[in-house]
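Asker:
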Amino acid sequence: MTNVNVVVIGLFVFVLAVFLGLELITKVPSLLHTPLMSGTNFIHGIVLVGALTIAATVHDTIGGVIAVAAVFLGTLNVVGGWVVTDRMLGMFRGKAAPAPTAALAPKPEARPAAQPTPPPPGEQR
Amino acid sequence: MTIAIPNWATLGYLVAIVLFILGIKQLTSAKTALRGNRVAGMGMLVAIGVTLGMLHSGWQYVVPAAVLGTLVGIVVARRVAMTAMPQLVALFNGMGAGAAALIALGDFHRVTSSGHPSLDTIGAVTILLSCLIGGISFSGSLIAFAKLQEWMRGTPITWPLQHEINGVLLGALVGIGLAITLLHGGAVLIIVFAVGALILGVLSVLPVGGADMPVIIALLNSFTGIAAAVTGFVLGNDALIVAGALVGASGSILTMLMSKAMNRPITNVLFGAFGKLAEDGGEGAGALHGNIRETNVEDLAVLLTYAQQVIFVPGYGLAVARAQHEVKELATQLEQRGVRVLYAIHPVAGRMPGHMNVLLAEADVPYSQLKEMDDVNPEFPRTDVALVIGANDVVNPAAHNTPGSPIYGMPILNADQAKTVVVLKRSMRPGFAGIENELFYRDNTMMLFGDAKDSLAKLTAEVKLQAAP
Chain A
510 MTNVNVVVIG LFVFVLAVFL GLELITKVPS LLHTPLMSGT NFIHGIVLVG
560 ALTIAATVHD TIGGVIAVAA VFLGTLNVVG GWVVTDRMLG MFRGKAAPAP
610 TAALAPKPEA RPAAQPTPPP PGEQR
Chain B
158 MTIAIPNWAT LGYLVAIVLF ILGIKQLTSA KTALRGNRVA GMGMLVAIGV
208 TLGMLHSGWQ YVVPAAVLGT LVGIVVARRV AMTAMPQLVA LFNGMGAGAA
258 ALIALGDFHR VTSSGHPSLD TIGAVTILLS CLIGGISFSG SLIAFAKLQE
308 WMRGTPITWP LQHEINGVLL GALVGIGLAI TLLHGGAVLI IVFAVGALIL
358 GVLSVLPVGG ADMPVIIALL NSFTGIAAAV TGFVLGNDAL IVAGALVGAS
408 GSILTMLMSK AMNRPITNVL FGAFGKLAED GGEGAGALHG NIRETNVEDL
458 AVLLTYAQQV IFVPGYGLAV ARAQHEVKEL ATQLEQRGVR VLYAIHPVAG
508 RMPGHMNVLL AEADVPYSQL KEMDDVNPEF PRTDVALVIG ANDVVNPAAH
558 NTPGSPIYGM PILNADQAKT VVVLKRSMRP GFAGIENELF YRDNTMMLFG
608 DAKDSLAKLT AEVKLQAAP
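Heads up: the protein sequence lines correspond to chains A and B, in order.
Note that the first sequence covers residues 510 to 634 in my numbering.
Note that the second sequence covers residues 158 to 626 in my numbering.
Rendered as structure tokens:
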């Protein structure tokens with residue numbers, strides 16, 4: 510495949526994803542706008558994947574410095590964004606009504622919010 | 158392209174993307190939102206795992222940077238106060254944007270320094286776009302952070318020929334970009350280009366006022382999403398393209414919602430029409446003269462205790478005064494005395510979209526009591542007391558009945574329809590748009606002057622003295 514093809518297919522994917530994003534987000538109630546923003550903030554931390562890719566192609570000092578900075582910023586974005594969103598959403602949890610409702614009671618996976626499991630990027634090996 | 162991505166990795170990225178989409182889908186309901194974020198987190202782990210499995214070098218750069226980033230990220234995210242959420246989101250947003258710009262620079266360096274310069278047109282354009290958008294969003298987010306953190310004054314900073322200077326700068330960047338594309342490289346040029354993008358980000362956000370921050374944070378969020386997507390084009394990585402596009406779409410929707418809720422076209426926010434708007438408002442203002450009725454804590458406590466339904470209308474001022482726990486305490490006391498309590502949340506209350514909901518949720522207010530504008534407006538006519546705390550423009554009836562007013566047409570909370578309106582306010586100073594509020598002069602309105610936190614604490618103490626009916 511030539512370069513041009515990759516970009517054209519990329520554009521294809523990009524446009525479809527934008528429409529999907531518009532569909533998905535329109536349904537979010539304003540109650541959740543801050544967690545949504547913080548959550549999508551975490552998702553654009555996907556640039557970390559790009560930073561890791563760049564790090565693998567480094568062949569001199571300048572490239573190394575750029576890679577280290579990019580991986581650091583990307584990791585900060587991913588980990589920080591995820592942890593803070595988890596914390597925030599934990600505060601919304603189980604507060605649907607002043608009295609505990611039956612709908613919330615039987616949830617087996619209801620564990621305390623004080624158990625954040627941040628994604629440990631870069632520590633797979 | 159940089160690295161040929163094997164098929165198994167592409168399929169892995171597909172799994173990651175599906176998890177992201179499912180996660181965002183679950184963010185649409187308060188019941189499933191926490192799970193949604195965890196599902197999206199799984200998606201990120203898959204994406205990172207796939208990438209690490211695909212690469213065979215660079216560990217000496219990756220491991221220390223990732224460990225440091227993880228530690229700093231966890232510490233900052235766990236320590237931050239919920240009131241500081243807007244600046245934290247701005248900061249993380251800037252980090253992602255900075256990473257995107259650096260990736261573009263890194264790829265540029267890899268391609269152009271590998272002996273025979275081979276930067277083709279498409280490569281150059283995607284790298285330049287990623288560098289431009291990422292750079293603007295990086296420095297813009299840092300300025301937004303500094304303003305929200307109050308390291309810098311929150312009022313709009315303006316200077317002569319603002320738009321012209323930005324226009325010339327953007328034109329120069331396009332010129333430099335063209336030169337890089339035609340020359341298939343140029344290390345000095347790309348550095349000048351990146352610095353120019355950073356300066357443009359600073360110049361664009363400096364004129365934005367503190368009250369417009371909800372719009373600008375949403376916009377910068379969208380920018381970083383797009384920067385991530387363009388980086389996907391640079392690296393030929395679909396995971397980045399899709400995830401970036403999702404974030405870009407989300408940020409754009411929030412930007413539009415926010416500017417609609419503030420009745421200000423996004424161009425107004427961006428191009429610093431703020432000052433002009435305030436002047437226009439100033440002409441019409443001053444016409445309002447009437448009697449202001451002041452109340453005191455004791456009378457108000459009695460009024461609240463004997464009410465059947467009370468609606469709190471929290472605004473920017475409450476966030477500034479950090480009085481959300483005091484509000485909750487007062488609400489609890491009133492509920493114990495049989496008063497029905499609701500919270501009317503305007504879409505732009507707080508410093509970022511939905512910020513007020515988070516602040517109140519942190520103070521343990523059940524989210525079923527947090528009412529969106531359209532749901533709560535029919536409640537006001539049968540409400541005994543509407544307690545307006547640090548909100549101004551979002552309850553200004555001029556939005557309904559003064560066609561010349563800058564906020565005419567802005568959706569507002571109809572607090573004026575309550576039997577009694579009590580406004581907690583520092584002084585008679587107008588809101589951010591500089592518009593007088595006729596609500597304050599109405600017959601059914603009373604003012605309680607002072608710091609919101611202080612007033613609420615006294616009010617709660619006074620309510621406690623009232624015997625439960």
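Cβ coordinates follow ideal geometry from the N, Cα and C atoms, glycine included.
(1) Is the separation between the beta-carbon of B:A476 and that of B:L516 shorter than 8 Å?
(2) Roughly how many angstroms separate the alpha carbons of B:V233 and B:A241, rounded to a whole number?
(3) For B:K582, which three-state DSSP category applies?
(4) Pick helix, strand or coil for B:Q466, following the three-state DSSP scheme.
(5) From B:R421, B:L487 and B:G292, pick the residue whose C-alpha is nearest to that of B:E619; which is it?
(6) At the 8 Å Cβ level, is A:T543 part of the contact set with chain B, yes or no?
(7) Can you list, in chain order, the residues of its chain whose CB lies under 8 Å from that of B:A238, leaving out five sequence neighbours each side?
(8) Taking the Cβ atom as the reference point for each residue, do B:E483 and B:L613 lie within a distance shorter than 8 Å?
(9) Which residues, in chain order, does the segment 529-553 of chain A contribute to contact with chain B at a C-beta distance below 8 Å?
(10) Can you tell me which of B:I337, B:Q481 and B:F295 puts its alpha carbon nearest to the alpha carbon of B:L357?
(11) If the criterion is Cβ atoms closer than 8 Å, does the pair B:T412 and B:L376 meet it?
(12) Counting only Cβ pairs nearer than 9 Å, list the residues of chain A close to B:K182.
(13) Just the Cα atoms here: how many angstroms apart are B:A247 and B:T617?
(14) Which of helix, strand or coil does DSSP assign to B:K304?
(15) Rounded C-beta distance between B:L581 and B:L544? I'm assuming under 8 Å.
(16) Quick check: what's the CA-CA separation for B:K615 versus B:G401?
(17) Just checking: is the beta-carbon of B:I284 within a distance shorter than 8 Å of some beta-carbon in chain A?
(18) Under 7 Å Cβ-Cβ, which residues of chain B neighbour A:N586?
(19) For B:D550, count the other beta carbons within 10 Å of its own beta carbon; 16 or more makes it buried, fewer makes it exposed. Which is it?
(20) Around the C-beta of A:I534, are 16 or more other C-beta atoms found within 10 angstroms, so that it is buried, or is it exposed?
(21) What are the boundary residues of the alpha helix (DSSP H) that includes B:F350?
(22) Nearest-angstrom Cα distance between B:A384 and A:N550?
(23) Taking a contact to mean a Cβ-Cβ separation below 8 Å, would you say B:H266 touches A:G572 in this structure?
(24) Helix, strand or coil, according to DSSP, for B:A430 in the structure here?
(25) Just to confirm, are B:V196 and B:Q183 a CB contact at a threshold of 8 Å?
(26) In angstroms with no decimal places, state the Cα-to-Cα distance between B:P371 and B:S298.
(27) Taking buried to mean at least 16 other C-beta atoms within 10 Å of its own C-beta, is B:K485 buried or exposed?
(28) CA-CA distance, B:P554 and B:N594?
(29) What residues in its chain sit with their C-beta under 7 Å from that of B:L457, if we drop five residues either side in the sequence?
(30) Which residue or residues does DSSP assign as beta-bridge partners of B:A501?
(31) In chain B, what lies closer than 8 Å to A:T594 by C-beta?
(32) Helix, strand or coil: how does DSSP classify B:A543 here?
(33) For B:F265, report the span of its alpha helix (DSSP H) as first-last.
(34) Put A:R634 into one of helix, strand or coil per three-state DSSP.
Answerer: On the basis of the data shown:
(1) Stepping through the second sequence from its first residue, residue 476 of chain B is reached at position 319. Stepping through the second sequence from its first residue, residue 516 of chain B is reached at position 359. For the pair B:A476 and B:L516, the CB atoms are nearer than the 8 Å cut-off.
(2) Position 76 of the second sequence, counted from the first residue, corresponds to residue 233 of chain B. Position 84 of the second sequence, counted from the first residue, corresponds to residue 241 of chain B. CA-to-CA, the gap between B:V233 and B:A241 works out to about 11 Å.
(3) Residue 582 of chain B sits at position 425 when you count from the first residue of the second sequence. Residue state, collapsed to three classes: strand.
(4) Position 309 of the second sequence holds residue 466 of chain B. In the three-state reduction of the DSSP assignment, B:Q466 falls in the strand class.
(5) On the second sequence, residue 619 of chain B is found 462 positions in, with the first residue counted as 1. Among B:R421, B:L487 and B:G292, the Cα nearest to that of B:E619 belongs to B:L487.
(6) Here the question's residue 543 of chain A lines up with position 34 in the first sequence. Chain B has a Cβ within less than 8 Å of the Cβ of A:T543.
(7) Position 81 of the second sequence, counted from the start, is the residue given in the question as residue 238 of chain B. Correct list: empty, nothing qualifies.
(8) Counting from one through the second sequence, the residue named residue 483 of chain B turns up at place 326. Counting from one through the second sequence, the residue named residue 613 of chain B turns up at place 456. If you check the CB distance, B:E483 and B:L613 come in under 8 Å.
(9) Taking 8 Å as the upper bound on Cβ-Cβ separation, chain B lies near residues L529, G530, L531, L533, I534, T535, K536, V537, P538, S539, L540, L541, H542, T543, P544, L545, M546, S547, G548, T549, N550, F551, I552 and H553 of the segment 529-553 of chain A.
(10) Within the second sequence, numbered from 1, the residue matching residue 357 of chain B stands at position 200. Ranking B:I337, B:Q481 and B:F295 by Cα distance to B:L357 puts B:F295 first.
(11) The sequence position of residue 412 of chain B within the second sequence is 255, counting from 1. The sequence position of residue 376 of chain B within the second sequence is 219, counting from 1. Yes, they are a contact pair.
(12) For the purposes of this step, residue 182 of chain B is identified with residue 25 of the second sequence, where counting begins at 1. Chain A residues near B:K182: L533 and K536.
(13) The count along the second sequence starts at 1 and reaches residue 247 of chain B at position 90. The count along the second sequence starts at 1 and reaches residue 617 of chain B at position 460. Going by the C-alpha atoms only, they are around 35 Å apart.
(14) Working through the second sequence from its first residue, we reach residue 304 of chain B at position 147. In this structure, B:K304 counts as helix in the three-state DSSP scheme.
(15) Position 424 of the second sequence holds residue 581 of chain B. Position 387 of the second sequence holds residue 544 of chain B. Indeed they touch by this definition, with Cβ atoms about 7 Å apart.
(16) In the second sequence, the residue the question calls residue 615 of chain B occupies position 458. In the second sequence, the residue the question calls residue 401 of chain B occupies position 244. Roughly 49 Å between the two C-alpha positions.
(17) Position 127 of the second sequence, counted from the first residue, corresponds to residue 284 of chain B. So, not an interface residue.
(18) Along the first sequence, one-based indexing puts residue 586 of chain A at 77. Chain B residues near A:N586: F249, M252, G253 and A256.
(19) For the purposes of this step, residue 550 of chain B is taken as residue 393 along the second sequence, with counting starting at 1. Counting every other CB atom within 10 Å of its CB across the protein chains shown gives B:D550 a total of 16 or more, marking it as buried.
(20) Reading the first sequence from its first residue, position 25 is the one you call residue 534 of chain A. Flag for A:I534 reads buried.
(21) Within the second sequence, numbered from 1, the residue matching residue 350 of chain B stands at position 193. Taken as a continuous stretch (DSSP letters only), the alpha helix (DSSP H) holding B:F350 covers A344 to V362.
(22) The residue given as residue 384 of chain B occupies position 227 in the second sequence. The residue given as residue 550 of chain A occupies position 41 in the first sequence. For B:A384 and A:N550, the distance between alpha carbons rounds to 12 Å.
(23) Here the question's residue 266 of chain B lines up with position 109 in the second sequence. Here the question's residue 572 of chain A lines up with position 63 in the first sequence. The answer is yes: Cβ separation under 8 Å.
(24) The sequence position of residue 430 of chain B within the second sequence is 273, counting from 1. In this predicted model, B:A430 has a pLDDT of only 49, less than 50, meaning its place in the structure is not dependable enough to derive any value.
(25) Taking the second sequence and counting its residues from 1, the one referred to as residue 196 of chain B is at position 39. Taking the second sequence and counting its residues from 1, the one referred to as residue 183 of chain B is at position 26. Their beta carbons are under 8 Å apart, which means B:V196 touches B:Q183 by this criterion.
(26) Numbered from 1 along the second sequence, position 214 holds the residue referred to as residue 371 of chain B. Numbered from 1 along the second sequence, position 141 holds the residue referred to as residue 298 of chain B. One C-alpha to the other measures close to 12 Å.
(27) Within the second sequence, the letter at position 328 stands for residue 485 of chain B. Burial state of B:K485 is buried, judged by a 10 Å Cβ sphere holding 16 or more other Cβ atoms.
(28) As a working mapping, residue 554 of chain B is identified with position 397 in the second sequence. As a working mapping, residue 594 of chain B is identified with position 437 in the second sequence. Whole-angstrom Cα-Cα distance: 7 Å.
(29) Start at 1 with the first residue of the second sequence, and residue 457 of chain B comes out as number 300. If we look at B:L457 and ignore the five residues flanking it on each side, its Cβ neighbours are V579, L605 and L616.
(30) Indexing the second sequence from 1 puts residue 501 of chain B at position 344. Answer by DSSP bridge pairing, in chain order: B:K528.
(31) Against the first sequence, residue 594 of chain A aligns to sequence position 85. Those within 8 Å of A:T594 in chain B are N194.
(32) Here residue 543 of chain B refers to the residue found at position 386 of the second sequence. When DSSP states are grouped into helix, strand and coil, B:A543 belongs to the strand group.
(33) Here residue 265 of chain B corresponds to residue number 108 of the second sequence, with the count starting at 1. Annotation for B:F265: the continuous alpha helix (DSSP H) segment containing it runs M242 to T269.
(34) The residue you call residue 634 of chain A lines up with position 125 of the first sequence. Interpretation of A:R634 is limited by its pLDDT of 37, a score under 50 that renders its predicted location unreliable; no figure is taken from the coordinates.
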